[in-house]
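These notes are about the structure you will find just below.
Residue numbers (the UniProt record's numbering): 1 to 173.
What follows is the structure, given as structure tokens:
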């Protein structure tokens, strides 16, 4: 009973969103990923737009499932390489931001989070986001500058293994 792949799909009004998609390295190119996609897509209702959050190198492979690449996509996923991680604790002290656990957000902070998400995604998905982020097995911490959210980091528990999700936009708002 070894986990060799996973896929997540969630629904928000007229959208079906495929998110965490992974096949362990030794099973890649074996058809497992295609099977996962077919199973997930069977859950999509007629008329729903399917959004697939993926790394850009997967976009061409997804055409066989009917996906098209949107060059106008405004979402950006950024990775930063830290050359001197030992100085990170000093940065945390110098930074005036506050780290708050999702379950401890005030009403004003929660509203700021929903506004942040809509600004980044260009989707109004308040109801879905409240349910998704409020899951018992989802550990989310948010960096706040007063009530303005500038970075969102989550760690959903996927099949017993922790994953990490990052989202950002050009203005970090």
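Positions of the beta carbon are idealized from the N, C-alpha and C atoms, including for glycine.
Only a predicted model underlies this, so the values are computations on that prediction, with no experimental measurement involved.
Taking the beta strand (DSSP E) that residue 44 falls in, what are its first and last residues?
Within the chain shown, the letter at position 44 stands for residue 44. From DSSP, residue 44 is part of no beta strand (DSSP E); its letter is neither H nor E.
Report the rounded CA-to-CA distance for residue 136 versus residue 47, giving the unit in angstroms.
Position 136 of the chain shown, counted from the start, is the residue given in the question as residue 136. Position 47 of the chain shown, counted from the start, is the residue given in the question as residue 47. Whole-angstrom Cα-Cα distance: 31 angstroms.
Please report how far the alpha carbon of residue 13 lies from the alpha carbon of residue 107, in whole angstroms.
Counting from 1 along the chain shown, the entry for residue 13 is found at position 13. Counting from 1 along the chain shown, the entry for residue 107 is found at position 107. Spanning the two alpha carbons is a distance of roughly 24 angstroms.
Would you say residue 114 and residue 126 are within 8 angstroms of each other, going by their C-beta atoms?
To locate residue 114, count along the chain shown from 1; it is residue 114. To locate residue 126, count along the chain shown from 1; it is residue 126. Result yes, Cβ atoms of residue 114 and residue 126 sit closer than 8 angstroms.
Unbroken alpha helix (DSSP H) run spanning residue 6, endpoints:
Residue mapping note: residue 6 aligns to position 6 of the chain shown, counting from 1. Unbroken run through residue 6 is the beta strand (DSSP E), 5-12; no alpha helix (DSSP H).
Keeping to the same chain, check which residues put their C-beta closer than 6 angstroms to that of residue 171; ignore five residues upstream and five downstream.
Taking the first residue of the chain shown as 1, we reach residue 171 at position 171. Note that residue 171 has pLDDT 39, beneath the 50 cutoff, so the model's placement of it is unreliable and the number below is only indicative. The answer is none, since no qualifying residue turns up.
In terms of residues, what are the limits of the beta strand (DSSP E) holding residue 20?
By 1-based counting over the chain shown, the position of residue 20 is 20. Its beta strand (DSSP E) spans residues 15-23.
List the endpoints of the continuous beta strand (DSSP E) containing residue 100.
The residue labelled residue 100 in the question sits at position 100 within the chain shown. Its beta strand (DSSP E) spans residues 98-101.
Distance check for residue 102 and residue 134, CA to CA, integer angstroms please.
Numbered from 1 along the chain shown, position 134 holds the residue referred to as residue 134. Numbered from 1 along the chain shown, position 102 holds the residue referred to as residue 102. Residue 134 and residue 102 have their C-alpha atoms spaced approximately 8 angstroms apart.
From what residue to what residue does the alpha helix (DSSP H) around residue 130 run?
Here residue 130 is taken as the residue at index 130 of the chain shown, counted from 1. First-last of the alpha helix (DSSP H) with residue 130: 126-133.
Inter-residue Cα distance where the pair is residue 156 and residue 123:
In the chain shown, residue 156 corresponds to position 156, counting from 1. In the chain shown, residue 123 corresponds to position 123, counting from 1. Its pLDDT being 43, under 50, residue 156 is placed unreliably in this model, and the value from its coordinates should be taken loosely. Between residue 156 and residue 123, the C-alpha separation is close to 21 angstroms.
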